[in-house]
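Remarks on the structure that follows.
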Amino acid sequence: MQLENPKPQIFQTGNFEFSQQYIKRKQQEYDPEIEDPIDEYEIFDIIKTIKDPEHSFTLEQLNIVNPNDIQIQGNRVIVYFTPTIPHCSMAQTIGLTLKIKLMRSLPKNYKIYVEIKENMHIKEIELNKLFQDKERVLAAIENQQLLKIINFGIQGIR
Amino acid sequence: MLNILKQLQNEMTSKDDQIRAKATHNFREQLELINVNQEESTFLIEFFLHKLNDPQSLLDTTYILLKLSKSQKNIHPQLIKMIQNKQIIIPSFSREARINLYQIFLIYPITFEIASAILQSIIGEKDPRNILVAFQLCDAILQENKVGIQYKREIFEFLDCYYPIEFNEKADPRFQIKKVEIEDILNKCLFSEVLLDDSILLLQDKIVSAYDRAQGSALKSVMWIIKNQNKITVLQIEEIFESIQKLTDQVIMDDDVVLLIPITLKEICNHEKYSKVKAKIKKISMKTIEEIPATQQGFIYFNFLKLLIQNNDEMIFKDIIQIFNKKFDTKNINVTQKRLENVIYTIEEYKKYNKDYISELDNNLKLKLYDTLQQGINHKVQNVFILTLKCLTDIMKYYSNQLSNLESILFNQINIRELIEQQCILDYFSKIGIVDIKQYQQLLTLWEKNNKLLYDYSLTCSLYNIQDHFSQFTSNIISNQNYQIKQEQISALKSYLDNHLILQSQRQDQAQLLINQIYNPLSKNIKNKLIKQLIRFIFQQFPICQKIIQQMTLEFILNLEDEQLYYYIPLIMDQELNENLVQSILEIIYKQEFIQTNIQINKKYVYKVIYSCLSKYQKELNLEFPQISIMEIQYNDYKLNQMKLFLVLLKQQILINNVKAIEKLKEISQSHPQIICEVIKHKDIQNKAFLQKSIVEIIKQINHKQTINYLINQIDEEFINDLVNLELLQLIIEHFNDKKIDQLKQLNLIVNWCKLLNLKVIAQLAKIETNDIKVLYTLINIVMNNFEEAKYNLDLYNIGINLFKRYLNYHKRIVRQAAQEAINEWYIVFYKGL
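Chains as they are written, first to last, in full-length UniProt numbering: chain C, 1 to 158; chain V, 1 to 834.
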């Protein structure tokens, strides 16, 4: 099977881990008195290890997801992702994988919005509608083959 | 089996997960009872290979495939194809499913296709039980030379990340594999002929790595290679030795590694093939102890030379003495001391293996050695003087013409030296003997008036030289408070009593003198362990204890003070006892009103005496209890030991169904729950249903929280098997609401050994509310580990998932992340969406 994007650009990971804010955040984790709110970095940690369906790289390595593209407004989590190429056919699978993993990993009261970043994909509007429609998402994962691919992506092995 | 399959057809293909799972399980159970022929099994294998895509029945399916494969000659090609096309991805299966599939591969001879399928299946294996089988598979591939060479790179890449392996076999008893097993098989694979060249480089890396455990494991691997791998070349061994040399140049923090290096070097030297390397190692060792003896390197290489002495044909004493004579420098104290110690330890090793060291030296060397040691004898620094004297003690018997010369030097110095140096001089005299006895007696007379301590010490050497002081010596031995002197004196006395050159009657008289003094009821003895050991020694050598034994009755013992009783215990342990004494003790056990007797046994050593008697006749009396030494380690307080003795008596009473004894047990268990556990574990109680019932009733009535917690702590396989009472275990689980991590782990044990209670335990865990992060972490781990086995029970799955979901909005991130990981893993294995 020919790859759509045979030579994707690979990015360095963990750049933000040297920032003062991140370091302080990490230190606080070991103090039982201080509460750790769910923040962008935590959401990013959940989704960064997901593997791309085509390659053996993670979404972080391909810069498909980035902590700057995550917003948290109360109990609303909005994740924007950037497919590697504008006509990437795996965008739907990636979006569904992100949505499923977040729905499994976050408390029930959180509302999760997964969207393709503006002007980054030719079918942006269509796919964003799919990701927002809970019924369609549940119907999609009824497909065993698709569920298999999603689970492989979440597990991180090929 | 095909008919059974037809009958289960509808259930096997049902849309309901649970029905499918049950059907597969039924099929598996049937398969255990029936043999399948080859034709049938081929068909069945093909059917069940497709069923691998049904995660609810995965475990049973893999087990069925394993069973069926055993009757096949070749592996089913469909399985290989499915693995290669990624229709099944074995690393994503649960542990048991994975190991079943690995075992299928083990059945068949290795071909290129099978090897490729194996290497795809074992990637990322983490569970130790599976890792062991994965290594066995790698070994099987490597045995087939051509296949091994083809997949050399992949196998090496798989194995090298596990090396060196760290496995704690005590951490989880479920594993039931030993560290040695796993290390051996890893060594066998990594250092096989095919991978040897690459692995040697890896090995060298690990030897010089900064990580202690890697160094230790690498050295052990070197020893393994030397014993088991013939194909290693001399050049490779030389390179390994160079890495070891580099390692010794570093500062090594781990003491085990420091001890391991000489052993490894010795192993290399034991092999005839590596004689060239051996010569190199020896040369470097000698050079190191010549130039830098007082360093870690010096220590390591000297230890190597010491080990070399074991070999019959090795002669290193001459080289050591040559270095000593050349480099004995009294200016640098540390180095001087080290050089002296080297000589002393070398002589010790030679003596250990009955080798003659002095014959290695020619006359010149011998003379030069004595001259060098003279520098030490006149040295002002204490340690140098003492070490020199020790050295001279070992060799003076070969310098008989120098004895009186050295003696007069020491006599001149003895009164100006420190006490410890004086004692060393006296030790020298007691071992070598005294030439000028008159001068020694003058010194004795002087010390008797002016230096009591030295006089006492000097009596030690008197034993060998002047008989007149013996009775003084004997009374001194008992009353002397100075531990070191007492020790020396007792050691000297033992040597005297053991010296068969002296008449038996003479020695016996002296022994009798001592015994009379100790067992005199009027003498106020102070308890002393050394004297107790001496008494045992004397009674073994001489038949002088009958009189004392005859007078030992129970009444006599109960009237003695503790300090006096102390010295009767060795008699009880080693000698045949008075029948009256044994009879009286038996009466205590079987008397109905025995509870009153407890009051009498309230002295510390009385209980010990009775206990020792009972221990001696355990078998005959059909009593079972731990040895006194074990008991004293367990309970420091002698009152608890008394309680234990009481319990022995109580248990005997319980066995004959003494109602009063059972009531007493009820009373004691409230405050001493350990007693209930011991009673439960008593073998005789297992066969008596009425007793079991009584014990269950007693436990049910226990209100004391600490008691229940204690019982939970005692839960182990023996406890559960002995109790054999599910109702009681359920009761214990229901009471469980402790949040301490150790307690949670105990609960975990119940799940391991009593699967029926799984659901109950998990349900109980799900109720625990706590804010402690570590406890939460432990909780999550316990559930994860146990669900590994019970995953396919949907009830447990549901409860478990709910348990984790509770922690998704916990206020600490660490806990949330642990729960997220667990949930995602399970969704994947269980093949669920949301």
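Using N, Cα and C, we set each Cβ at its ideal position, and we do this for glycine too.
Since we're looking at a predicted model, the values are computed, not measured.
For residue i, list the residues DSSP reports as bridge partners.
i	result
residue 71(C)	78(C)
residue 51(C)	58(C)
residue 549(V)	Answer is none; residue 549(V) lacks a bridge partner.
residue 111(C)	76(C)
residue 116(C)	81(C)
With residue i and residue j assumed to form a contact (beta carbons below 8 Å), what rounded beta-carbon distance in angstroms separates them?
i	j	result
residue 92(V)	residue 828(V)	7 Å
residue 300(V)	residue 248(V)	6 Å
residue 201(C)	residue 114(C)	Beyond the ends of chain C as shown, which are 1 and 158, falls residue 201(C); an answer cannot be given.
residue 545(V)	residue 513(V)	Not really, about 15 Å apart at Cβ, beyond 8 Å.
residue 20(V)	residue 57(V)	6 Å
residue 53(C)	residue 90(C)	5 Å
residue 254(V)	residue 215(V)	7 Å
residue 162(V)	residue 186(V)	6 Å
Might you give, ordered along the chain, the residues of its own chain that have their beta carbon closer than 6 Å to the beta carbon of residue i, omitting 5 neighbours on each side?
i	result
residue 466(V)	With a pLDDT of only 46 at residue 466(V), under the threshold of 50, the placement of this residue in the model should not be trusted, and no figure is reported.
residue 592(V)	With a pLDDT of 45 at residue 592(V), under the threshold of 50, the modelled position of that residue is not reliable, and no figure is offered here.
residue 88(V)	52 and 82
residue 148(V)	141, 142 and 194
residue 141(C)	147
residue 122(V)	134
To the nearest angstrom, report how far apart residue i and residue j are at their CA atoms.
i	j	result
residue 528(V)	residue 498(V)	22 Å
residue 41(C)	residue 67(C)	6 Å
residue 27(V)	residue 49(V)	15 Å
residue 88(C)	residue 117(C)	13 Å
residue 852(V)	residue 575(V)	As shown, chain V starts at 1 and ends at 834. That puts residue 852(V) outside it, with no answer to give.
residue 234(V)	residue 281(V)	13 Å
residue 127(C)	residue 75(C)	23 Å
residue 384(V)	residue 377(V)	8 Å
residue 176(V)	residue 167(V)	12 Å
residue 220(V)	residue 197(V)	18 Å
residue 154(V)	residue 72(C)	44 Å
residue 663(V)	residue 103(V)	56 Å
residue 277(V)	residue 326(V)	26 Å
residue 213(V)	residue 179(V)	14 Å
residue 110(V)	residue 189(V)	15 Å
residue 217(V)	residue 296(V)	20 Å
residue 192(V)	residue 236(V)	14 Å
residue 30(V)	residue 2(V)	11 Å
residue 13(V)	residue 77(V)	24 Å
residue 584(V)	residue 554(V)	6 Å
residue 313(V)	residue 536(V)	42 Å
residue 515(V)	residue 423(V)	28 Å
residue 100(C)	residue 14(C)	24 Å
residue 375(V)	residue 381(V)	11 Å
residue 319(V)	residue 285(V)	11 Å
residue 22(V)	residue 59(V)	12 Å
residue 347(V)	residue 328(V)	17 Å
Looking only at its chain, what residues have a beta carbon closer than 8 Å to the beta carbon of residue i, apart from the 5 residues adjacent to it on each side?
i	result
residue 565(V)	557, 603, 605, 606, 608 and 609
residue 387(V)	337, 340, 341, 344 and 376
residue 137(C)	96, 99, 100, 130 and 131
Going by beta carbon distance, what residues of the same chain come within less than 7 Å of residue i, once the five residues before and after it are set aside?
i	result
residue 84(C)	5, 8, 62 and 64
residue 98(V)	90 and 130
residue 79(V)	49
The region 11-36 of chain C: which residues have C-beta closer than 7 Å to a C-beta of chain V, in chain order?
Within the region 11-36 of chain C, the qualifying residues are 29, 32, 35 and 36.
Members of the region 94-110 of chain C near chain V, C-beta cut-off 9 Å
100, 101, 103, 104, 105, 106, 107, 108, 109 and 110
Closer than 7 Å, Cβ to Cβ, to anything on chain V: give me those residues from the region 140-151 of chain C, in chain order.
141, 147 and 151
Residues within the region 35-66 of chain C neighbouring chain V, beta-carbon criterion of under 8 Å
Within the region 35-66 of chain C, the qualifying residues are 35, 36, 38, 42, 45 and 46.
Interfacial residues, the region 808-820 of chain V to chain C, with Cβ spacing under 8 Å:
808, 809, 811, 812, 813, 814, 816, 817 and 820
Taking Cβ-Cβ distances below 7 Å as the criterion, which residues of the region 334-345 of chain V are in contact with chain C?
none
Pull out every residue of the region 73-94 of chain C whose Cβ sits closer than 9 Å to any Cβ of chain V, in chain order.
Going along the region 73-94 of chain C in chain order, one finds no residue with a Cβ nearer than 9 Å to chain V.
Residues of the region 92-113 of chain V whose Cβ lies closer than 9 Å to any Cβ of chain C, in chain order:
92
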